Structure formats: structure tokens, C-alpha cells
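Heads up, the thing below is written out as C-alpha cells.
2 protein chains.
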Amino acid sequence: MTNLKSKLRILKIGGKVLEQPKALQHLLMQFADWKEEKILVHGGGNKANELLTQLGIAPKMHEGRRITDEAALEVATMVYAGWTNKTVVSLLQSFNCNALGLSGADLNTIQAHKRQVKDIDYGFAGDIDQINTQSIQALLHIGVTPVFCAITHDKKGQLLNTNADTIAATLAIALAQVYAVELILCFEKHGVLLNAEDNGSVIPHLNMESYQQLKTQGVIFAGMIPKLDNAFKALAKGVDSVVIGGAERLGEGTRLTN
Amino acid sequence: MTNLKSKLRILKIGGKVLEQPKALQHLLMQFADWKEEKILVHGGGNKANELLTQLGIAPKMHEGRRITDEAALEVATMVYAGWTNKTVVSLLQSFNCNALGLSGADLNTIQAHKRQVKDIDYGFAGDIDQINTQSIQALLHIGVTPVFCAITHDKKGQLLNTNADTIAATLAIALAQVYAVELILCFEKHGVLLNAEDNGSVIPHLNMESYQQLKTQGVIFAGMIPKLDNAFKALAKGVDSVVIGGAERLGEGTRLTN
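Taken in sequence, the protein lines are chains R and P. Going by my numbering, the first residue of the first sequence is number 1297, and it counts up by one from there. Going by my numbering, the first residue of the second sequence is number 1297, and it counts up by one from there.
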């Protein structure tokens, strides 16, 4: 079935590429060249932890998730919404991409609530309630490229820290109502690999069935599993396709479809 | 002569009010209530210097102007575009004002160039070349309230630090082509005072003539002179009126006209 909706590409970047100026430039130059309507979502790399350490504050983590106390929220907002976001926006503008940096507070684009305390108090961690698709569509419509950082808010004046992968997936799902969305997750490897040691062994295509098989066989394991589970969840909720790949040849890698 | 252009209010805030959560809330609540189209411009208060000091970097100044080396630019961008900007935006959203935080890089709203080195190298200090009035008008037109921080860029990928007073005045002058602009400069006193020690001695109205008189008499002196000189320059370049006053009763104070 041909999808008659117009295409929207949502790129999520994070990790080391944000810390390597040359690699970041190369990646953003490719992104700027994409002709389709597009959105960029970025994490903050390791810079928030570095700044916390420089300030003599030990970063608090629980099972790979950050515990955001007041000091960590301030640092995360400074790094993600400040330095990283404006660096990316300024580079995109230099490549003639009309970028606009956004936190979830700006135009109330992403409204969240402070995660409820169960066993662990994650502090000022925000779980998303609502995407303001209308505002985002209006921006895309006039040729603006939104650049989201990993900061949201609760519409009551409280900023919150929200995982950038979650923001990208939630945006993709919300905007899938109006666009044929391709979600591109950019990470260190060239894609999902048959052999974790060999960057040449990229699996070109995965669907739910082949994913389950490779998982059972132990070919796909560890950190790739939550990433792929989330990607398949996004597909199940209307996203057209998900591409998992590297920064050098943006948009290539492993393509996931239903 | 009646001005037939529609009204635009541009508020500049800075200094201590940014560091006092209660006072900031009270000020932003008043701002959110303004019915006219409006723009907010904020400095960063003392927070950038504090963070530099915490990081063991001595803030560099020359005659009251910051010298922005690479570390200072990073800190300024983190504080102004990150923490301060998003705190203000999130509070305004909580008061149902549809705020959008902007640096000059976002939508290429304010393009600048790195200040030329003459006697002093100010580092990454940006002198404004161009205001993208079209983009700003488009935002105002759809009910968005732009919130500018003191960061600009050169459209070649370089972020720059630009004085917030200068940004407010330059925006006011550029937008005076299409709007009847009222520029409101908010500072620690209730207005321009007849007696610097008495906050009750606000001069209600100044024009160029009465300003010159009071300057000659030594009633207006020191730090007020560059502030007022800049305000009268803005009036000479088409801004309708300038109000200099305090944060408690926003929009009241000394009104300057031609």
C-alpha cells in the first residue's frame, strides 16, 4: 500500500558524535541536505557528566538512567538546551538549514510530568504526556527544521529531563498521524550487526519475525535489545520505518519495518 | 500625529531579578498579561560569572565589558541560552504566554560578526549586522512571544556573545519599521531618579531637552548616562517610546520620548 502522507524524517543523534566537532559537522551537513521535511533530536553526550564532575558533583545513575536532582537538572538544561542545542542550530544555519532549537517548554511542544516515585526517585525526570503536533506541523510547514534537546516541562513552570531516544520515538509516533515518518537512530556502529565485532556485517533489513529469530539465536543481544524493542513499538504505533545506522553515511544502516 | 502601526512592546530584563525566583515570577506574570504583541530580551545576571568562578576560570572584563574567550563563550551559552532562557520560557508557558526561546542563531534571527580586534581583543563578542524582521514578525503574527537571550551567531557556525541591552535596542529599531515600538528597560530602580537615594523621586517624563538640562545640572550622572544615551538613540531611529523602570510595577517609571 502506498502511503499518501508526505514524508517526514526524524533523526536522533547522541553520544560521541556530539563531542567530535569534525564528525558533527559532517553529519549535520548531510542532514541539512535532506530535501524532505525533517526534525533533529539530540542528547547531550557525556558533557553533562563532565560538567557535573568539574563542579564537584557526582552524577547519580540507576541502571543506566540518570537521577536528576536540582543540580543535575540545571547542568542538563545548560548543556543540552544551551551549548549543544545552539552549537547544532548554528552549524545547521551555516549549511542553510533554517534550524530552530527547542526544548519541550518552547511553544509548549512537549508537555511531561515529573516521574512518580516508586522504588526509585528519579528526581526531575519527565515522562511525556503530550506532543503539540499542531505547533510542530506549523513550523515544518513554513520550512523550519526543529532541533529538539532532551529537556521538557510540565506547563507549571518546572523543567524536566527526558531521555532523547524517548523524545524521538514519541515525536515520531505523534507525527505519524499526519506524516509518513522515517525515524533514523544514529549511533556508533554502522547498523545492527550480525557480528558485533565487524562493522561490515550490517543486517540490511529486519522485521519483527527476523528480529525474534536473531534474538533467539543470540545474534542480537545486550544494549541492542531495548533499542530495537522501542523501534518496533514505534512501528506498531504507525511509524513507517526505522533506520539504525552510523553518522558517516547518514540514513544508511539497518532498516526496520513491520 | 497618531501612529497607525500596531503596538509592539519589547521588554529587557537583567541583573538581580533573574536571580530571585519570586521576583522573576512576579515580573513574568505581569509580562504574560500584556495584551499587545511582545518580545522579551534577557541577560544572564551574575550566573555566568559564578559558573566561571566555580570552574576555576577568572571572568575577564575590560571597562565593564566582558572579554569572551572560548571558555566564557561556552559558559555564556550554557547559562543564557540554556538555564536562564528555558527557565523564563517555562514560567511564561505556565502563565499561558506562548513563549519561544531564541538565540540569534535560531531561525537566523540575529546575525552578527566577531568584533574586530583594535586595542582590545573582546574574543567571541558579536556586533549585530542584521535582524531577521520577517521571521520575528511571522512569529508575532501567530501569537508567539519570542524570548531572546544574549547569544547571536555569524551564520558561519560561530556563536557569539552580544550585550542584551544592545540586542533589545537593535530589535526595537529594526521592528520600528513595522510596529509602534515601546521599549521597556527594567532595572533595579523605579525609574530615572531626581535623587539617586530616593526611589520615590522618579522623573515621570524626559525628552532630549530636559535630559540635557538634568545632565548639565549633574542630576543624571554615572551609569544612567550611557543607558539614556542609548535610549535616545533608539528614539531618534524610530522607536516610539522608551520606559525605564523597575520590576515590581512593570511598564511604569520614566517615559522617554523625542
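A virtual CB, placed ideally from N, CA and C, is assigned to each residue, including glycine. Predicted model, so just to flag it, every value in this text is computed and none were measured.
Worksheet entry | Three-pair Cβ contact test at 8 Å for the stretch 1375 to 1388 of chain P versus the stretch 1423 to 1434 of chain P | The stretch 1375 to 1388 of chain P, when compared against the stretch 1423 to 1434 of chain P, does not touch it at the 8 Å Cβ threshold.
Worksheet entry | Own chain, CB closer than 7 Å to P:Ile-1469, minus 5 neighbours either side, in chain order | Correct list, in chain order: Ala-1530, Lys-1533, Gly-1534 and Val-1535.
Discussion item. Between R:Ser-1386 and P:His-1449, how many whole angstroms is the CB-CB distance? I'm expecting something under 8 Å.
Written reply: Yes, R:Ser-1386 and P:His-1449 are in contact; Cβ-Cβ is about 4 Å, under 8 Å.
Practice prompt. Could you tell me which of P:Leu-1300, P:Arg-1305 and P:Lys-1301 sits nearest to P:Ala-1465, measuring between CA atoms?
Written response: Taking only the C-alpha atoms, the option nearest P:Ala-1465 is P:Arg-1305.
Item to complete: Measure the alpha-carbon distance for R:Met-1504 versus P:Ser-1431 and round it to whole angstroms.
Response: So the alpha carbons of these two residues sit roughly 44 Å apart.
Worksheet item: Can you name the residues of chain P whose CB is closer than 9 Å to the CB of R:Val-1538?
Response: Residues of chain P passing the Cβ test: none, with the nearest at roughly 28 Å.
Discussion item. Quick check on DSSP: helix, strand or coil for R:Val-1477?
Written reply: Taken through DSSP and simplified to helix, strand or coil, R:Val-1477 comes out as strand.
Worksheet item: Distance, Cα to Cα, R:Ile-1499 vs P:Tyr-1418?
Response: Here the alpha carbon of R:Ile-1499 sits roughly 52 Å from the alpha carbon of P:Tyr-1418.
Discussion item. Between which residues of its own chain and P:Ser-1497 is the CB-CB distance below 8 Å, once the five residues before and five after are set aside?
Written reply: Sequence-distant Cβ neighbours of P:Ser-1497 in its own chain, meaning closer than 8 Å and more than five residues away, are Leu-1489, Leu-1490 and Asn-1491.
Discussion item. What does the Cβ neighbour count give for R:Met-1374, buried or exposed, with the cut at 16 atoms within 10 Å?
Written reply: With 16 or more other Cβ atoms within 10 Å, it is buried.
Discussion item. I want to know whether the stretch 1310 to 1323 of chain P touches the stretch 1543 to 1554 of chain R - three or more CB-CB distances under 8 Å.
Written reply: The stretch 1310 to 1323 of chain P makes no contact with the stretch 1543 to 1554 of chain R; the number of CB pairs closer than 8 Å stays below 3.
Discussion item. Under DSSP, the beta strand (DSSP E) around P:Asp-1425 begins and ends at which residues?
Written reply: Segment 1422 to 1427, the beta strand (DSSP E) holding P:Asp-1425.
Item to complete: Check the Cβ-Cβ distances between P:Thr-1373 and every residue of chain R, and say whether any is below 8 Å.
Response: It does; some Cβ of chain R falls within 8 Å.
Discussion item. With a threshold of 8 Å between beta-carbons, can R:Thr-1555 be considered close to chain P, or not?
Written reply: Since the first residue shown for chain R is 1297 and the last is 1554, residue 1555 of chain R is missing from the structure and cannot be characterised.
Worksheet item: R:Glu-1332 to R:Val-1440, Cα distance in whole Å?
Response: In this structure, the straight-line span from the alpha carbon of R:Glu-1332 to that of R:Val-1440 is close to 11 Å.
Worksheet item: Hey, does R:Asp-1402 have any beta-carbon neighbour from chain P nearer than 8 Å?
Response: Chain P, which has a Cβ nearer than 8 Å to the Cβ of R:Asp-1402, makes this yes.
Worksheet item: Do you know offhand how far R:Leu-1467's Cα is from R:Thr-1405's?
Response: R:Thr-1405 has its alpha-carbon roughly 10 Å from the corresponding atom of R:Leu-1467.
Worksheet item: Which whole runs of the alpha helix (DSSP H) in the stretch 1397 to 1469 of chain P are 4 residues long or more, in chain order?
Response: 1429 to 1437, all fully within the stretch 1397 to 1469 of chain P.
Worksheet item: What does DSSP give as the partner residues of R:Val-1539 in its beta bridges?
Response: The partner list for R:Val-1539 (beta bridge, DSSP) reads R:Ile-1480 and R:Arg-1551.
Item to complete: Apply the 10 Å Cβ neighbour rule to R:Val-1443 and answer buried if 16 or more other Cβ atoms are within range, or exposed otherwise.
Response: With at least 16 other beta carbons inside 10 angstroms of its own, R:Val-1443 counts as buried.
Worksheet item: For P:Asp-1329, does the count of other Cβ atoms within 10 angstroms reach 16, so buried, or fall short, so exposed?
Response: So P:Asp-1329 counts as exposed.
Item to complete: Could you check if P:Leu-1351 is buried or exposed, using at least 16 other CB atoms within 10 Å of its CB as the buried criterion?
Response: The residue is exposed, with fewer than 16 neighbouring Cβ atoms inside 10 Å.
Discussion item. Can you look up R:Glu-1359 in the DSSP assignment and give me helix, strand or coil?
Written reply: Looking at R:Glu-1359 - three-state DSSP - the assignment turns out to be coil, as it is neither helix nor strand.
Discussion item. What does the Cβ neighbour count give for P:Gln-1407, buried or exposed, with the cut at 16 atoms within 10 Å?
Written reply: With 16 or more Cβ atoms within 10 Å of its Cβ, P:Gln-1407 is classed as buried.
Worksheet item: For R:Lys-1334, which of helix, strand or coil comes out of DSSP?
Response: If DSSP states are grouped into helix, strand and coil, R:Lys-1334 belongs with the strands.
Fill in: Closer than 7 Å at the beta carbon, the chain P residues around R:Lys-1252
Here chain R covers residues 1297 to 1554 and nothing more, so residue 1252 of chain R does not appear.
Discussion item. Please state the DSSP three-state secondary structure of P:Ala-1556.
Written reply: This structure cannot settle anything about residue 1556 of chain P, because the visible part of chain P is limited to 1297 through 1554.
Worksheet item: Straight-line CA distance for R:Glu-1359 to R:Lys-1414?
Response: The C-alpha of R:Lys-1414 is placed about 15 Å away from the C-alpha of R:Glu-1359.
Practice prompt. Would you mind sorting P:Asn-1554 into buried or exposed? The rule is 16 or more other CB atoms within 10 Å of its CB.
Written response: Here P:Asn-1554 is exposed, its C-beta having fewer than 16 other C-beta atoms within 10 Å.
Practice prompt. For R:His-1322, name the three-state secondary structure that DSSP assigns.
Written response: Helix at R:His-1322.
Worksheet item: At least one CB of chain P closer than 8 Å to the CB of R:His-1449: is that the case?
Response: True, the Cβ-Cβ gap to chain P drops below 8 Å.
Worksheet item: Per DSSP, what kind of secondary structure is R:Leu-1351 in: helix, strand or coil?
Response: Assigned with DSSP and collapsed to three states, R:Leu-1351 falls in coil, not helix or strand.
Item to complete: Determine whether the Cβ of P:Gln-1350 lies closer than 8 Å to any Cβ atom of chain R.
Response: Yes, its Cβ sits closer than 8 Å to a Cβ of chain R.
Practice prompt. Tell me, please, which residues DSSP counts as bridged to R:Ile-1309.
Written response: Partner(s): R:His-1338.
Discussion item. Rounded to whole angstroms, what is the Cα-Cα separation between R:Asp-1338 and P:His-1501?
Written reply: Residue 1338 of chain R is actually His in this sequence, not Asp. Annotation: R:His-1338 to P:His-1501 spans about 49 Å, alpha carbon to alpha carbon.
Worksheet item: Within 8 Å (strictly less), CB to CB, does P:Val-1440 reach chain R?
Response: It does; some Cβ of chain R falls within 8 Å.
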